[in-house]
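Number of protein chains: 2
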Amino acid sequence: MNLILIDPLELNENSAILRDRRAKHIRKTLRSKKGDVIRVGIVNGRIGTGLITKIEPGLVALEVRTDTPPPPKTATGLVIALPRPIMLKRVLAQAASLGVEKIFLINASRVEKSFFKASLLSEANLREYLLHGLEQAVDTMVPEISIHHHFRPFVEDLLPEISREYPVRLVAHPGGGIDLTPDLLPEPTSPALIAIGPEGGWIDFEIDRFSEQGFGCFSLGPRILRVDTAVPAILSQWQLLRSLATARN
Amino acid sequence: MNLILIDPLELNENSAILRDRRAKHIRKTLRSKKGDVIRVGIVNGRIGTGLITKIEPGLVALEVRTDTPPPPKTATGLVIALPRPIMLKRVLAQAASLGVEKIFLINASRVEKSFFKASLLSEANLREYLLHGLEQAVDTMVPEISIHHHFRPFVEDLLPEISREYPVRLVAHPGGGIDLTPDLLPEPTSPALIAIGPEGGWIDFEIDRFSEQGFGCFSLGPRILRVDTAVPAILSQWQLLRSLATARN
C-alpha cells in the first residue's frame, strides 16, 4: 500500500477517520505516530498528504490536503474473458496499477460457467481489487468495470458502440498477424482496446466476431502465458509503443 | 499445465512412469485414458508426445517420443532483489514462462533479511517454481538460478565477470534516464541483463555500484508496480524491443 485511498464520502471537511485495513496498515506497517504525515489520495480525485491527528488501536484520524493530480490514464481498455476467481483478483489489481481506463469482463466458450457465479463478482469485491492496484501504483482513478454474461450480445450489440471510442482494436491470439509497432497508433495517445482470451484461447467463432468489429489479431509469441502474466505483458508493451510513437512524432 | 515435463532420469528407454501431481493432472484435469496422446517435454530437452500405455489412480505410464526443439530462449538475464516468498514463487514461474536464461537472486538494503531464511529457497523448491513456468509456457529449458546473500560481493566480485556476457545492462529505477528503444540493442539478439529492485527500490549506494558496472537506469513510468507485475512488464517490453530491432535490421 503506497497510497492510503480515502473515499470522498469519508471526508468531513478535511478530516477523515479510518477504522479498517488502512488504519491497521498505518499503525502496523508504516508504524506512524501522531503528527506524522502520510501520502493519501481521494478516490477518483487528487493526491496529497494526511496529517495524523489521532492514532489508537483500530482508529486513525487524518487531516487531509490534496493538490497533486493522479498519473495520467493510458487511454487503454481491456476486454478480458473472465478468469478463475483467484486470477481475477490479481488481474484486476494489475490492470488498475497499470492505468487501464475501462475493463469489460466477458464470457467466452472456454470460460468455465461457474466463474460467473463466484461471489468475487460482487461490485464491492471488484472495486476492492481495483483499489488494491491503485494503492500500489499511487493512483486514484478507479477503472470502469462491467460484466457481460453472454458473448454474443456483448460483441454484437455493445461492442460496435464501444469500438467507436477506440480507433485501435486488437485481440490476442496465437499466430497473430498484426505486428506490434508504433505505427499502429495514429497518435501516441490514440485510445486502444485490447481483448485477452481465456485459458485455452478464443474459439474461431469468437475471433471472427472480433474481426468483424475491426479487431486485428496479434500474438504474444510462441509461449503460452497465464493471464496474470499476459495482462501486464500486453499493457506494458502497449505503454512502450505509446512512448516510441511519442518519440517518433 | 500445458506440457508434462519429464526428467531425463525418469526415462527408461522411451518409457516413463509418473506418480506425482503430473499423474493427477493427466487423470483429473486432462481426463485422459489409455491410448490417448498428450504433449510432453524432456527437462532441458525436446518436446513431443506421450502415448498413455497405463493409467490408474496415482500412476500414469507413458511411451515418449520427442522431436521438436523448445522455443528459443531470449538471451535475457534477470538480477532480482529477493522478494517475499509468495511473490518469489510467482515471479520465478513468470520469468521461466517468459524465457529468461539466467536469474540472480540478490540481497539489497531494502530486502527483509528473513526472506533469505525461507525454506522456499531450497534448490528443489526453486526448481519446482521454474518448472511451473515452463509447464505453462510449453518450454523445457530450465533457467540457471543462483542466490547471493550479500550485495557487495555480488556486484563487486561476480558482476564484472557476469557482465561480460551481457553487452546491454539496465537497472530499473524511478526517474530513469535511459529510454527503452530498439537502438539500445547492437543486434536484435544481443544479450541483456536487467536488474529489478526490492519493494521500496534500490538505495543510492546500490545504484552507484550498478552504474560502475555499466548499467543504465531506466524507469517503468510514474506508477509503482509490484514485482510480479514489473517482471512480466519489463521482460515483455524487452521482447518487443527485440522484435522491433529485428524489423529495423
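First to last, the protein sequences are chains A and B.
Following my numbering, the numbering of the first sequence begins with 610 at its first residue and continues without gaps.
Following my numbering, the numbering of the second sequence begins with 610 at its first residue and continues without gaps.
Think of the CB as a built atom: it goes at the ideal place given N, C-alpha and C, for glycine as much as any other residue.
Any chain B beta carbon closer than 7 Å to residue i
i	result
asparagine 621 of chain A	no
alanine 705 of chain A	no
proline 678 of chain A	no
threonine 675 of chain A	no
asparagine 611 of chain A	yes
Min CB distance residue i to chain A below 7 Å
i	result
isoleucine 602 of chain B	Shown here, chain B extends from 610 to 858; a query on residue 602 of chain B therefore has no answer.
alanine 842 of chain B	yes
asparagine 858 of chain B	no
threonine 638 of chain B	no
Residue i: contacting residues in chain B (beta-carbon distance under 9 Å)
i	result
proline 783 of chain A	The premise fails here: proline 783 of chain A is roughly 11 Å from chain B at the closest Cβ pair, so nothing lies under 9 Å.
asparagine 716 of chain A	Within chain B, no residue comes near asparagine 716 of chain A; the closest Cβ sits about 21 Å away, beyond 9 Å.
Endpoints, beta strand (DSSP E) assigned at residue i
i	result
glycine 686 of chain A	685 to 690
isoleucine 712 of chain B	711 to 715
isoleucine 602 of chain A	With chain A covering 610 to 858 only, the question about residue 602 of chain A has no answer from this structure.
Segment limits, alpha helix (DSSP H) that includes residue i
i	result
lysine 698 of chain A	694 to 706
valine 836 of chain B	836 to 857
7 Å Cβ cut-off: residues of chain B touching residue i
i	result
leucine 853 of chain A	Thr790
Within chain B, the residues that residue i reaches when beta carbons sit closer than 8 Å
i	result
leucine 849 of chain A	Leu789, Gln846, Leu849, Leu850
Interface partners of residue i on chain A, CB under 7 Å
i	result
threonine 685 of chain B	In chain order: nothing, as chain A lies at least about 13 Å away.
Where residue i meets chain A, residues with beta-carbon distance less than 8 Å
i	result
threonine 798 of chain B	Going along chain A, no residue has its Cβ under 8 Å from threonine 798 of chain B, so there is no contact; the nearest lies around 15 Å.
- [ ] May I ask you to list, following chain order, the residues of the region 741 to 760 of chain A that have a beta carbon less than 8 Å from some beta carbon of chain B?
- [x] Gln745, Ala746, Val747, Asp748
TODO: Could I get the ranges of all uninterrupted alpha helix (DSSP H) runs contained in the region 625 to 687 of chain B, with 4 residues as the minimum, in chain order?
DONE: 630 to 633
- [ ] Please name the residues in the region 687 to 713 of chain A whose beta-carbon is closer than 9 Å to at least one beta-carbon of chain B, in chain order.
- [x] Arg699, Ala702, Gln703, Ser706, Leu707, Gly708
Open item on the list: Output needed in chain order: residues of the region 640 to 662 of chain A with a Cβ under 7 Å from some Cβ in chain B.
Closed with: none
Task: Continuous beta strand (DSSP E) assignments of at least 3 residues falling wholly in the region 743 to 831 of chain A - done: 753 to 757, 777 to 781, 801 to 805, 825 to 827
Open item on the list: Please identify, using Cβ separations under 9 Å, the residues of the region 819 to 832 of chain A that lie next to chain B, in order along the chain.
Closed with: Leu829, Gly830, Pro831, Arg832
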